[in-house]
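Undergrad: Residue numbers (this note's numbering): 23 to 411.
(1) At the level of alpha carbons, what is the spacing between residue 114 and residue 268?
(2) Would you kindly work out how many angstroms separate the C-alpha atoms of residue 279 and residue 51, rounded to a whole number?
(3) Using only alpha-carbon positions, find the residue among 85, 49, 145 that is nearest to residue 271.
(4) Entirely within the stretch 39-75 and at least 4 residues each: give me those alpha helix (DSSP H) ranges in chain order.
(5) Is it the case that the Cβ atoms of residue 346 and residue 317 are separated by a distance below 8 angstroms?
(6) Since residue 389 sits in a beta bridge, which residues does DSSP pair it with?
(7) Using only the alpha-carbon positions, how far apart do residue 137 and residue 42 sit?
(8) In chain order, what residues of the same chain lie with their CB nearer than 8 angstroms to the CB of residue 281, ignoring the 5 residues before and after it?
(9) Please determine, among 373, 313, 323, the residue with the shortest C-alpha to C-alpha distance to residue 404.
(10) Over what stretch of residues does the alpha helix (DSSP H) that includes residue 271 continue unbroken?
(11) How should residue 104 be labelled, buried or exposed, when 16 other C-beta atoms within 10 angstroms of its C-beta is the threshold for buried?
(12) To which residues of the same chain is residue 209 closer than 6 angstroms at the C-beta, ignoring the five residues directly before and after it?
(13) Tell me the DSSP secondary structure of residue 404 in three-state form.
(14) Should residue 117 be labelled buried (16 or more other beta-carbon atoms within 10 Å of its own) or exposed?
(15) From the DSSP secondary-structure annotation, give me the bridge partner or partners of residue 210.
(16) Using the three-state DSSP reduction, which class does residue 27 fall into: helix, strand or coil?
(17) Just how far apart, CA to CA, sit residue 88 and residue 102?
(18) Would you say the stretch 25-40 touches the stretch 373-391, given that touching needs at least three Cβ pairs under 8 angstroms?
(19) Please list, in chain order, all residues of the same chain as residue 325 whose beta carbon is under 8 angstroms from its beta carbon, the five residues on each side excluded.
(20) Can you list, in chain order, the residues of its chain with a C-beta nearer than 6 angstroms to that of residue 299? Leave out the 5 residues immediately preceding and following it.
(21) Using a 10 Å radius around the Cβ and a threshold of 16 neighbouring Cβ atoms, would you call residue 205 buried or exposed?
(22) Enumerated in chain order, which unbroken segments of the beta strand (DSSP E) with a length of 3 residues or greater are wholly contained in the stretch 93-152?
(23) Which whole-angstrom value is the C-beta distance of residue 410 and residue 23, which I expect to be below 8 angstroms?
(24) Should the stretch 186-202 be regarded as contacting the stretch 210-218, the criterion being three or more beta carbon pairs within less than 8 angstroms?
(25) Extract the residue ranges of the alpha helix (DSSP H) inside the stretch 152-192, only unbroken runs of 4 or more that lie entirely within it.
(26) Taking DSSP's pairing of strands, which residues face residue 202 in a bridge?
(27) For residue 220, does the count of other Cβ atoms within 10 angstroms reach 16, so buried, or fall short, so exposed?
If you want it as structure tokens, here you go:
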């Protein structure tokens, strides 16, 4: 396995402090504390040999939860403060982005870091911000109903095509339902056509001097592009789409039955697309992990962790998401116990599913930093080495 650490990220505070300082995300000193914690945890993850550090994209969180906001500043900040570990959001909520601007931003970060960027993608959950930032496409999150789900998926898949074309070596044109390249799609007169024909990419302009194709620059350092992931999916259709496109899904389904079933969806669909994968290859599994000297200590940490976020937000949109940690433990979504307890759960994952990637969901911001660090170091030094490779 290869290991990721996923930061929410979160403005650090207890529930009592969060209420007392509301809106806590307006407070510069607390934002600075969050940024520093992100750096320290990324550096520790690098020290204990995680392959990647990742984080989510969400906006307008005055409550200070999931306060990732625009991912590119975090990407550059974490790249500049680490040396080897790969960095990237899991993921960019693509139906709210301009796909060419995103492709360019990623390519620049990949060039600046000499190939340390990964790209996770997502379709969005919360209408408070997806509706606003996706308004040019009429995007809404799928939780609002079947029509919103279908539209969101349609926008996502079209913008994904454009993003990948933007990373490619060949100039391209594109006439989709939501996006056109160039604009208008039939082209336009390009007065510097002689310079473009002489010094630019072939076929950008035609013999009449009209611009017909474009070629965004730079191209990524990693060829043909950075590794692609699909964020914390529980959806069969999304898993199958990921398989067709060669994207690695990070599955957040109960283990073992549903998670293994999801991995089989991926393997089967990839085979139809001409990719022969073993079960678990190019697939990730995301889990909450809590360690303690005793199971009781670990359970207490779990009760004080990011279940607060799931209870306050995610469970309001997905009825199947519990509001306490115990059902998540029973479902195998949270691994809780001593080092030996979690080691046994990891061995079962390796034996039954063998995912190429394992994502540890961090409790940064919900628990004291020293506790988050202690657990990360324990997992990285006492558990990970048995399963790496």
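Using N, Cα and C, we set each Cβ at its ideal position, and we do this for glycine too.
TA: Taking the coordinates as given:
(1) 17 angstroms
(2) 44 angstroms
(3) 145
(4) 50-69
(5) no
(6) 386
(7) 43 angstroms
(8) 273, 275, 307, 354, 375
(9) 313
(10) Where residue 271 is concerned, there is no enclosing alpha helix (DSSP H), although the beta strand (DSSP E) it sits in stretches over 270-273.
(11) buried
(12) 232, 233, 234
(13) helix
(14) buried
(15) 233
(16) strand
(17) 22 angstroms
(18) yes
(19) 346, 347
(20) 289, 292
(21) exposed
(22) 108-111, 141-144
(23) 6 angstroms
(24) no
(25) 168-189
(26) 197
(27) exposed
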